[in-house]
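Colleague: Protein chains in written order, with our numbering: chain A, 1 to 265; chain B, 1001 to 1295.
The beta-carbon is built from N, C-alpha and C at its ideal position, and this holds for glycine as well.
#1: Can we say the segment 185–193 of chain A touches the segment 119–127 of chain A, given the rule of at least three CB pairs closer than 8 angstroms?
#2: Based on the DSSP secondary-structure assignment, which residues constitute the bridge partners of residue 1112(B)?
#3: Can you pull the chain E neighbours of residue 1263(B), defined as C-beta to C-beta under 9 angstroms?
#4: Could you name the residues of the same chain whose beta carbon sits closer than 8 angstroms to that of residue 149(A), not counting the 5 residues immediately before and after it, in chain order?
#5: Express the C-alpha separation of residue 175(A) and residue 62(A) in angstroms, rounding to a whole number.
#6: Kindly indicate the opening and closing residues of the alpha helix (DSSP H) around residue 1149(B).
#7: Going by C-alpha distance, which of 217(A), 240(A), 239(A) and 238(A) is nearest residue 229(A)?
#8: At a Cβ threshold of 8 angstroms, is residue 1224(B) touching chain A?
#9: To the nearest angstrom, how far is the alpha carbon of residue 32(A) from that of residue 10(A)?
#10: Relative to the C-alpha of residue 1022(B), which candidate in 1085(B), 1221(B) and 1213(B) has its C-alpha closest?
#11: Can you tell me the Cα-Cα spacing of residue 1177(B) and residue 1168(B), whole angstroms?
#12: State yes or no: is the C-beta of residue 1183(B) within less than 8 angstroms of the C-beta of residue 1150(B)?
#13: Does any residue of chain B have a CB that is nearer than 8 angstroms to the CB of residue 23(A)?
#14: Excluding the five sequence neighbours on either side, which residues of its own chain have a C-beta within less than 8 angstroms of the C-beta of residue 262(A), listed in chain order?
#15: Go to residue 194(A), then tell me how far its alpha helix (DSSP H) extends in each direction, as first and last residue.
#16: Determine the burial state of residue 1259(B): buried for a count of at least 16 other Cβ atoms within 10 Å of its Cβ, exposed for fewer.
#17: Cβ of residue 325(A) less than 8 angstroms from any chain B Cβ?
#18: Please work out which residues of its chain come closer than 6 angstroms, Cβ to Cβ, to residue 201(A), disregarding the five sequence neighbours upstream and downstream, and give them in chain order.
#19: Just to confirm the assignment, what range does the alpha helix (DSSP H) spanning residue 222(A) have?
#20: Starting from the C-beta of residue 160(A), find all residues in its chain whose C-beta is less than 6 angstroms away, skip the five residues before and the five after it, and write them out in chain order.
#21: Do residue 234(A) and residue 220(A) have their CB atoms nearer than 8 angstroms?
#22: Does residue 29(A) come out as helix, strand or coil in the three-state DSSP assignment?
#23: Relative to the alpha-carbon of residue 1215(B), which residue among 1230(B), 1181(B), 1053(B) and 1051(B) has its alpha-carbon at the smallest distance?
#24: If we ignore side chains and look at the alpha-carbon of each, how far apart do residue 1029(B) and residue 67(A) end up?
#25: Please decide whether residue 265(A) counts as near chain B, where near means a Cβ-Cβ distance under 8 angstroms.
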């Protein structure tokens, strides 16, 4: 058997149906089966791979881990690892589909908030590993004429993530953080939703609570709409929206990496 | 064919202590910078520093104080599918920034098809495996423009179709590619126990000129039926006594080789790692006849 086939079957033994692979005699005869036995030895590899990946997910999704408990988390994390193994040799950003996966399994159907909480955990992980970049300041806009300003697109810093939920995500994460000594004793999961921006302006991750109009404007801008187009989308729902205040706040908080002038849209 | 144009490995001339280092993990970032322990170098997994943020900041601070070596875990030299050039490019970017004095990865595989299994998996010791390893190592050395080191793996299973012993494979890799061997003494002990081989014979068979670094770590004993145990390379405990004995033999044979204390799981206080580093340094001095610290 050629090496690529051995490796493919070894991978299937770990991620796929273990018994099916062990029924392939050309595969099992590759290994020395002394008194300890093939099954024990192969299981060590299978366990090592799946437990390590589950540990990676535990670090990425600490709030989910806390909410569902260690045993159940590792059970579903290993199922996830089999279905969605890493695609590259660095696992810093492994597990992006976990929020969808966890929300679709039967055992969590009574925990509808898990999807949003997992997305929120993911925002922290993605912001943590985002490349270092520097924000532009408001002076950058001075080079733009008033006529051109509406045609501006904003490029967001790589760590910026917007998230909205019907659940109190910041309270849930704080409640589940074992190092948070000031957390509340009880958590009202139905106390209301939030619109948030998670990013890493420097070394520390920050969470900014946004008003509805701010959130929707940022969403429009992040989706590569120009200022003009974004305002067209936001103003009908939020006629009181103050764009100048919004601009000041977003520049003060250093959300933007750059701007670009669009001729047409 | 060995590439003779590769930049050879050399220890930084500024080292004032014997070349014993520790693995830098996040739990030790502040302790290392604040206490500046007497160690020769720090070793990190470069993959942990892909992207930016706090990890990279702390590595910069540590790099100001110590030589750094990079010990990669994600290149999958043994993969029949070849190696990921995107991964290599990210490593090259870090090498250009942090200028590590050594770069290493493993004689094992992790990637097959569309999956990367994030572990060091076994391969048969055949001519085909040797060719694939050499091809991927050559590609890496060419891409990075420098000589690298390749580590012998821990294994829990043996193949029946081996054409050679593992130590023969390691020597052949070094001979054919011009790379050095990162000799993991704990891995030699672990695989010798698991396959009932002689670890001293292994070390005795490794050619002296190829060894560029040594790793020491602790294993975990996993009981199986019939009073048998399998040793797992967990990097989660102090170095075991038989591994220290083996290290002593390796130092007698190979001389003053940069030695790393690895600890990746159930991280102890920094002081425990430093005790292990002191032990390695003392053993090196005993075996080589007095302190060589001021060389």
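Modeller: Reading off the structure:
#1: no
#2: 1115(B)
#3: Of the protein chains in this structure, namely A and B, none is chain E.
#4: 141 and 227
#5: 11 angstroms
#6: No alpha helix (DSSP H) contains residue 1149(B), which is instead part of the beta strand (DSSP E) from 1149–1151.
#7: 217(A)
#8: yes
#9: 15 angstroms
#10: 1213(B)
#11: 14 angstroms
#12: no
#13: no
#14: 151, 152, 153 and 226
#15: Not the alpha helix (DSSP H): residue 194(A) falls in the beta strand (DSSP E), residues 194–199.
#16: buried
#17: Past the boundaries of the shown model lies residue 325(A); chain A is included only from 1 to 265, so the question cannot be answered.
#18: 254
#19: 212–222
#20: 199 and 255
#21: yes
#22: coil
#23: 1181(B)
#24: 29 angstroms
#25: Model confidence at residue 265(A) stands at a pLDDT of 44, short of 50, so the residue's coordinates are unreliable; what they give is reported in the following sentence. Taking Cβ atoms only, chain B never reaches closer than 8 angstroms to residue 265(A), which makes this a no.
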